[in-house]
Amino acid sequence: TVSALDATEILDSRGRPTLNVTVRLADGTSAEAGVPSGASTGSREAVELRDRDPDRYGGAGVRKAAGNVRGELADLLRSRAWDTLADADRAMDDADGTGGKSRLGANAIIGCSLALARALAFSAGQEPHTWLAPAGVAPRLPVPHFNVLNGGVHAPNPLDFQEFMIAPLGAPTLPEAVRAGAEVYAALRTRLRGAGHATGLGDEGGFAPGVTQPEDALRLIVAAIDDAGYPPGRDGVAIALDPAASEFRRPDGTYQVAGETLSSDDMIARYERIVTDFPVWSIEDGLGEYDDAGWQRLTTALGHRVQLVGDDNFVTNPSLIARAVRDGVANAALIKVNQIGTVTETLQAMAVCREAGYAAMVSHRSGETPDPFIADLAVATGCGQIKSGAPARGERVAKYNRLLAIAAARPRLPYGLAGDHG
Ligand code: PGA
Ligand code: ZN
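The sequence shown begins at 2 in my numbering and counts up one residue at a time.
Here it is, written out as structure tokens:
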């Protein structure tokens, strides 16, 4: 039973307002949660409620969302004893009534859902990485995907692809994977300095050098992996891309990359060359969120060679993922709790992935707080993959440090990709 619910307007890692939600149960257990916020959002995501008062934070304040937590959502959650988190999450979604959580705010509802999940776990005497585990699912420590080079809307450089991640697939343990990530990151900084590049950081903590061509960024990263003494590739440190192509797709359906105008098929041919020339094992949002026909051709062309992850097109929505499975679109889904707006629906999206044989990668947002909930989520669901930005910046390393703490507390947990997605 919930006895108290509160929300405060705090700052996220970009200095924009977000919510911190605290919950107290009748048995005295309390917990809190910080709410993440994206920049390259999918258009079908659950909707953040912002104040739109131009006199505060350029309109981005979240006082209304905080008020909805303290008012309507607190009244609702205190109104009865909840058998399960799923019941409470469904009641919040029903009370919102819009389907997209736009009335009460997806930021308000996910904050309540995260805090309540944590409180219910504590109340049961468990940590969330144990309590959240679905029946029949074996928890495991995920492969961290460190975003070491930033572009797109996350950095002010000319690079159109948004994320260049390193994935220590060959590491024997999580601590060795974290070490590999940090060592390659340091080697990349040295290499960028040596080449006269700026080493300022993008929103997710990766470097943001003045590189234009994605292939030039890939060459720098492969060299850094090598400098750090790891074999580039699946036996050592592989690369994962998130071009976030919706951000550079024009209304006429073309893609603008480094000043060139490319069709969907040009993009697919470019990715074929990239996965041939570089140790890229995973590509997220290689095409735009509404380019379904392109996505089908991309999946046919490359789905047997690399992981193809849907983010903007799936928005952690169980129905959209199920439709993609039927349509032969992608073979993996990105999982972001605030895209769908409750922990329960997030777990449902991951269940759809497991049933379809799709991989799932748990993800932070470009705007984050130090809340490490997603580390627990990734472990509990055994999905085998997480992305939380660079091995630098407090709000990014909070998640990796939480994984290290879980690894230390549960030394028998396996590490690595789930199933046969290696
Ligand atoms: P976002 O970016 O949080 O700005 O949406 C992350 C991603 O595209 O995966
Ligand atoms: Zn993405």
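Using N, Cα and C, we set each Cβ at its ideal position, and we do this for glycine too.
Local Cβ density within 10 Å of residue i, reported as buried at 16 or more and exposed below that
| i | result |
| --- | --- |
| ASP95 | exposed |
| GLU37 | Sequence inspection shows Pro at residue 37; the Glu mentioned does not correspond to that position. Label assigned to PRO37: buried. |
| ALA218 | buried |
| GLU261 | exposed |
| GLY195 | exposed |
| SER44 | exposed |
| GLN257 | exposed |
| THR2 | exposed |
| ASP52 | buried |
| GLY197 | exposed |
| ASP278 | exposed |
| PRO415 | exposed |
| ASP292 | buried |
| ALA172 | buried |
| ILE407 | buried |
| THR370 | buried |
| THR191 | exposed |
| SER114 | buried |
CB contact flag (residue i, residue j, <9 Å)
| i | j | result |
| --- | --- | --- |
| ASN339 | ALA107 | yes |
| ASN318 | ILE341 | yes |
| GLN163 | GLU33 | no |
| VAL238 | ALA183 | no |
| ALA122 | GLU128 | yes |
| LEU209 | LEU160 | Reading the sequence as shown, one finds Ala at residue 209 and not Leu. Going by C-beta atoms, ALA209 is nearer than 9 Å to LEU160. |
| ILE111 | ALA40 | no |
| ALA419 | CYS384 | yes |
| THR300 | ARG91 | no |
| ILE387 | SER367 | no |
| ALA294 | SER265 | yes |
| TRP282 | ILE240 | yes |
| GLY417 | ARG17 | no |
| ALA120 | LEU26 | yes |
| ASN314 | ALA302 | no |
| LEU202 | ARG15 | no |
| ALA259 | GLN214 | yes |
| ARG306 | VAL276 | yes |
| ALA187 | ALA224 | no |
| VAL70 | ASP28 | no |
| ASP286 | GLY311 | yes |
| TYR231 | VAL179 | no |
Integer-rounded CB distance, given that residue j should sit under 8 Å from residue i
| i | j | result |
| --- | --- | --- |
| ALA333 | LEU309 | 6 Å |
| PRO373 | LYS337 | Not confirmed; about 15 Å, so no contact. |
| LEU150 | GLY207 | 5 Å |
| LEU20 | ALA109 | 7 Å |
| THR99 | ALA381 | So it is not a contact: roughly 29 Å between Cβ atoms. |
| LEU50 | VAL63 | 7 Å |
| HIS155 | GLU205 | 6 Å |
| LEU221 | LEU189 | 7 Å |
Simplified DSSP assignment, three categories, for residue i
| i | result |
| --- | --- |
| GLU205 | coil |
| GLY171 | coil |
| LYS337 | coil |
| SER4 | strand |
| ARG57 | coil |
| ALA381 | helix |
| PRO210 | coil |
| ALA34 | strand |
| ASN332 | coil |
| GLU177 | helix |
| PRO232 | coil |
| LEU414 | coil |
| PRO18 | strand |
| LEU105 | coil |
| LEU428 | The first residue shown for the chain is 2 and the last is 423, placing residue 428 beyond what the model contains. |
| GLY72 | helix |
| LEU405 | helix |
| VAL63 | coil |
| ARG394 | coil |
| TYR272 | helix |
| PRO135 | coil |
| TRP296 | helix |
| PRO215 | helix |
| GLY195 | helix |
| PRO371 | coil |
| LEU288 | coil |
Cross-strand partners of residue i (DSSP beta bridge)
| i | result |
| --- | --- |
| SER283 | ALA241 and GLN308 |
| LYS388 | HIS146 and SER364 |
| TYR256 | ARG250 and LEU263 |
| PHE162 | DSSP output for PHE162 lists no bridge partner at all. |
| GLU128 | According to DSSP, GLU128 bridges with nothing at all. |
| VAL24 | LEU6 and ALA32 |
| ASN151 | GLU164 |
| ILE11 | THR19 |
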